[in-house]
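Here's the structure we're looking at; comments come further down.
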Amino acid sequence: MARKNKILVPEARNGLDQLKARITNTNNPEETKYEIANEQGIDFHKGYNGEIKAKDAGKIGGNIGGSMVKELVQMAKNELNK
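The sequence shown begins at 267 in our numbering and counts up by one.
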């Protein structure tokens with residue numbers, strides 16, 4: 267079952283996109299998922315991707331989300347140490 271993860275603070279969208287781009291070393295955060303899929307050898311393209319396995323989708327999203335969470339935790343620790 268697909269989940270729609272909504273951002274609780276819609277105004278944070280730009281900041282999260284910038285974080286995603288910085289972590290994945292890309293200029294366009296929308297292209298990040300395609301680059302990750304390509305690196306993993308997963309056939310993921312613009313348009314309909316309903317045929318990919320859940321395991322492969324997890325490899326794509328988990329890689330991105332996990333890195334973002336680690337960076338956000340590190341940023342929070344740095345702020346607390348100031």
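Note that beta-carbon positions come from the ideal geometry of N, C-alpha and C, so glycine has one too.
Run through DSSP, which three-state label would M267 get?
Locating residue 267 in the sequence shown gives position 1, where the first residue counts as 1. With a pLDDT of only 48 at M267, under the threshold of 50, the placement of this residue in the model should not be trusted; the figure read from the coordinates follows. Coil at M267, not helix or strand.
Going straight from the alpha carbon of H311 to that of P295, what length do you get?
Taking the sequence shown and counting its residues from 1, one reaches residue 311 at position 45. Taking the sequence shown and counting its residues from 1, one reaches residue 295 at position 29. When rounded, the distance between both Cα atoms is 15 Å.
Do the segment 318–332 and the segment 303–310 make contact, defined as three or more Cβ pairs closer than 8 Å?
Yes: the two stretches touch, three or more of their Cβ pairs being nearer than 8 Å.
Quick one: what does DSSP say E317 is sitting in, helix, strand or coil?
Position 51 of the sequence shown holds residue 317. DSSP places E317 in coil when its eight states are reduced to three.
Residue range of the alpha helix (DSSP H) that E305 falls in?
Counting from one through the sequence shown, the residue named residue 305 turns up at place 39. Segment T298 to Q306, the alpha helix (DSSP H) holding E305.
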